[in-house]
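Peer 1: For the sequence shown, position 174 (counting from the first letter as 1) is numbered 164 according to the numbering used here, and the numbering increases by one without interruption.
Beta carbons: idealized from backbone N, C-alpha and C, even for Gly.
Computed from a predicted model, the values in this text were never measured in an experiment.
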Amino acid sequence: MPAKGKYFFNESDDCRISDPLYEKYRYTSQQHPLLLLLLFIAILLWITLIIIFFVTDVSIPFAFGAALAICAVMYLLLCIESLFRRWLTLVGVMIWICFLTVGYVSLFEKGDGYQLWEQVPFFLFIIFTVYTMLPFGMRGAVIISVISALSHIIVLSTVVNIFLLVQLFANAVIFLCGNFMGAFHKRQMQVASWDLYRYTLKCIQVRMKLKIEKRQQENLLLSILPAHISMEMKLAIIERLKETNDNRQMHDNNFHSLYVKRHQNVSILYADIVGFTRLASDCSPKELVVMLNELFGKFDQIAKENECMRIKILGDCYYCVSGLPVSLPVHARNCVKMGLDMCEAIKQVREATGVDINMRVGIHSGNVLCGVIGLRKWQYDVWSHDVSLANRMESAGVPGRVHITEATLNHLGKAYEVEEGNGHLRDPYLESMNIKTYLVVDPRSKQCISNNHLPKTRVNDGLKMRASVRMTRYLESWGAARPFAHLNHRESVSSDSSSSQGRRRKVRSQQ
-9 MPAKGKYFFN ESDDCRISDP LYEKYRYTSQ QHPLLLLLLF IAILLWITLI
41 IIFFVTDVSI PFAFGAALAI CAVMYLLLCI ESLFRRWLTL VGVMIWICFL
91 TVGYVSLFEK GDGYQLWEQV PFFLFIIFTV YTMLPFGMRG AVIISVISAL
141 SHIIVLSTVV NIFLLVQLFA NAVIFLCGNF MGAFHKRQMQ VASWDLYRYT
191 LKCIQVRMKL KIEKRQQENL LLSILPAHIS MEMKLAIIER LKETNDNRQM
241 HDNNFHSLYV KRHQNVSILY ADIVGFTRLA SDCSPKELVV MLNELFGKFD
291 QIAKENECMR IKILGDCYYC VSGLPVSLPV HARNCVKMGL DMCEAIKQVR
341 EATGVDINMR VGIHSGNVLC GVIGLRKWQY DVWSHDVSLA NRMESAGVPG
391 RVHITEATLN HLGKAYEVEE GNGHLRDPYL ESMNIKTYLV VDPRSKQCIS
441 NNHLPKTRVN DGLKMRASVR MTRYLESWGA ARPFAHLNHR ESVSSDSSSS
491 QGRRRKVRSQ Q
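1) Can you look up Q109 in the DSSP assignment and give me helix, strand or coil?
2) Going by DSSP, which residues form a beta bridge with S312?
3) Here's the rule: buried if 16 or more other CB atoms are within 10 angstroms of the residue's CB, otherwise exposed. What is Q109?
4) Between which residues of its own chain and Q254 is the CB-CB distance below 6 Å, once the five residues before and five after are set aside?
5) If we call anything under 8 Å between Cβ atoms a contact, is G172 one with T122?
6) Answer yes or no: do G82 and P125 have a C-beta to C-beta separation smaller than 8 Å?
7) I'd like the list of long-range same chain contacts for R252, defined as Cβ closer than 6 Å, with 5 residues on each side in sequence excluded.
8) Note down the Cα distance separating M383 from L215, rounded to an integer number of angstroms.
9) Start and end of the beta strand (DSSP E) containing T398?
10) Using three-state DSSP, classify G344 as helix, strand or coil.
11) For the putative contact between V316 and V392, defined by C-beta atoms under 8 Å, what is the C-beta separation to the nearest angstrom?
12) Any idea if R460 is buried or exposed, counting beta-carbon neighbours within 10 angstroms, 16 or more meaning buried?
13) Please classify L159 as buried or exposed, where buried requires at least 16 other C-beta atoms within 10 Å of its C-beta.
14) Just the C-alpha distance for A322 and L420, rounded to the nearest angstrom, thanks.
15) With contact counted as at least three CB pairs below 8 Å, one residue from each stretch, are the stretch 360 to 374 and the stretch 212 to 227 in contact?
16) Grouping DSSP H, G and I as helix and E and B as strand, with all else coil, what is T427?
17) Rounded to the nearest angstrom, what separates S213 and K288 at their Cα positions?
18) Helix, strand or coil: how does DSSP classify S355 here?
19) Leaving out five residues before and five after D346 in sequence, what residues of the same chain have Cβ atoms less than 6 Å from its Cβ?
20) Can you look up V320 in the DSSP assignment and give me helix, strand or coil?
21) By Cβ distance, which residues of its chain are closer than 6 Å to R416, with the 5 residues on each side in sequence left out?
22) In or out: W86 buried (at least 16 other Cβ within 10 Å) or exposed?
23) Return the CA-CA distance between D376 and K367, expressed in angstroms with no decimal places.
24) Let's test the definition: count the other Cβ atoms within 10 Å of the Cβ of Q170 and tell me whether it reaches 16, buried, or not, exposed.
25) Report yes if the CB atom of Y309 is closer than 8 Å to the CB atom of A270, and no otherwise.
26) Only counting the same chain, and skipping five residues up and downstream in sequence, which positions put a Cβ closer than 6 Å to that of I258?
27) Among residues of its own chain, excluding the 5 on either side of I116, which ones have a beta-carbon nearer than 6 Å to its beta-carbon?
28) What residue range is occupied by the uninterrupted beta strand (DSSP E) comprising E409?
29) Sorted by chain position, which residues of the same chain lie with C-beta nearer than 6 Å to F30's C-beta, five sequence neighbours on each side aside?
30) Can you tell me whether DSSP reads D9 as helix, strand or coil?
31) Mapping DSSP to helix, strand and coil, what is Y370?
32) Within the same chain, show all residues whose beta-carbon is closer than 7 Å to that of P10, passing over the 5 residues directly before and after it, in chain order.
33) In three-state terms, what does DSSP make of D290?
34) Of the choices L146, F174 and V145, whose alpha-carbon is the least far from that of V120?
35) Return the bridge partner residues of R252 from the DSSP annotation.
What follows is the structure, encoded as structure tokens:
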């Protein structure tokens, strides 16, 4: 069986037919405006004819008034988009019938005194209108145009004599040429409209892709640099690109701009996982990466809850600052609360897995210089004597406790109970600087003491597993996000989280 070819009037295999977006595009850009223009022209035409009849004292045929009323009603209906789109083909047929009515009324108004070439230009106008302005496909437009031409020839042929057959044949040739010209024009317009639609759609897709990639790049930049620093650097880069080549070469020979600012009254937290080095020696590389990702993912969540900004991760050491970039009066409370939550999280891991690990946290309050270092590979960091002192506080701390300086205690007020830290006995630098330290008493520790008589359950009791395997499996239950997962699925993650929050609120309200 031969393959089905693509002919001039064959539209069944055209992908445009099954593309609703293209149909909507053609409707909004072509069909609706053309139909409104056509009806407006028709209304003006009939009003003009009625005025002429009125001035010349000629009786107005009923068909003229009816056609004018129908077109006026359809003009109003076309302004209602929902009705117009639902009855698009019917509206086109009614407009065609109205034009035919006007043509035949004008043809027979003279009685028997009409000629064979009467209203040929008007019927030719109807044929061109069907092909160019009415909402028909190629097959429908050809059928309606042929009917228009044949109706004119058949009606006139009933009263023609043998000597006027040549004129009738000339009318047929004119109508045939009009159909060919109209069909060719419609086909070319369909191809051009489809190509323009595809080009426009491609441009929109490229633009949306660029916007998504731009948003992903901004999210990636925000994961490396704080928002205020990244915005300042972006503006500086844009200004630099606007400069002339000579000025740009002059700047290239110098050092790049330094984005460093001084912030006062901030609190610096250093935290180190005690026993992790011994645990890491028993892990495979994959298990080690999974553990670190789950642990630091949990710490990032705690930092967000307590308004702390994570600065850097150094191996198993985690440090952050509260009071950046916006100064907070409760920066010390935020850091202490975060340190207690980190110790509690590690305690839960230790009790659930039986792995001997702990958390050592050191906090100091003071002033810092923060900014971006590096010419090619940017890195956000903080520097000051107070940062070094916070690091010393962590190394001189006690596992499972939050170790703070007297400066941090002064910012805390009476928010937490403290006891002597004796950090100077464990670190010679603290002793030489005469730094007085304290250990924060966790309010949850009193409740834990009262619940010590309750049996403690472990997730992996009775399982003969390595400590690293037990810890990895338990940490995976926390469900920390994979690195850079938010860059590709930011919308879905946000929608899922919002829906889950909505379900939690609903459950709480039912409870």
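Peer 2: Once the coordinates are examined:
1) In this structure, Q109 counts as coil in the three-state DSSP scheme.
2) Paired residues: S257.
3) Result: buried.
4) The residues are N357.
5) Yes, they are a contact pair.
6) Against a cut-off of 8 Å, the Cβ pair of P125 and G82 comes out as a contact.
7) The answer, listed in chain order, is L359.
8) C-alpha separation (whole angstroms): 26 Å.
9) Residue range E396 to L402 is occupied by the alpha helix (DSSP H) that includes T398, with no beta strand (DSSP E) assigned at that position.
10) Correct three-state label for G344: coil.
11) In this structure V316 is not in contact with V392, their Cβ atoms being roughly 24 Å apart against a cut-off of 8 Å.
12) Around the C-beta of R460, 16 or more other C-beta atoms lie within 10 Å, and the residue is accordingly described as buried.
13) Here the sequence assigns Phe to residue 159, which means Leu is not the residue at that position. That one is exposed.
14) Cα to Cα, the separation comes out at about 20 Å.
15) Taking one beta carbon from each stretch, the stretch 360 to 374 and the stretch 212 to 227 have 3 or more pairs nearer than 8 Å; the two touch.
16) Shown here, T427 sits in a strand according to DSSP, grouped into three states.
17) Cα to Cα, the separation comes out at about 16 Å.
18) Judged by DSSP in its simplified three-state form, S355 adopts strand.
19) Excluding sequence neighbours, D346 sits near G265.
20) Secondary structure at V320: coil, using DSSP grouped into helix, strand and coil.
21) Excluding positions up to five away in sequence, the list reads A386.
22) Buried, since its Cβ has 16 or more Cβ neighbours within 10 Å.
23) One alpha carbon belongs to D376, the other to K367, and they sit about 26 Å apart.
24) The sequence as given places Phe at residue 170; Gln does not occur at that position. With fewer than 16 Cβ atoms within 10 Å of its Cβ, F170 is classed as exposed.
25) Going by C-beta atoms, Y309 is not nearer than 8 Å to A270.
26) Hits under 6 Å: V311, H354, V377 and A380.
27) Counting only Cβ-Cβ distances below 6 Å, and skipping sequence neighbours, we find F89 and S138.
28) Its beta strand (DSSP E) spans residues V408 to E410.
29) Residues of the same chain with a CB within less than 6 Å of the CB of F30, apart from the 5 flanking positions on each side, do not exist.
30) Residue state for D9 is assigned as coil, using DSSP reduced to three classes.
31) Looking at Y370 - three-state DSSP - the assignment turns out to be strand.
32) Result list for P10: empty, nothing under 7 Å.
33) DSSP places D290 in the helix class (H, G or I) of the three-state scheme.
34) For V120, the nearest C-alpha among the options comes from F174.
35) R252 is bridged to L359.
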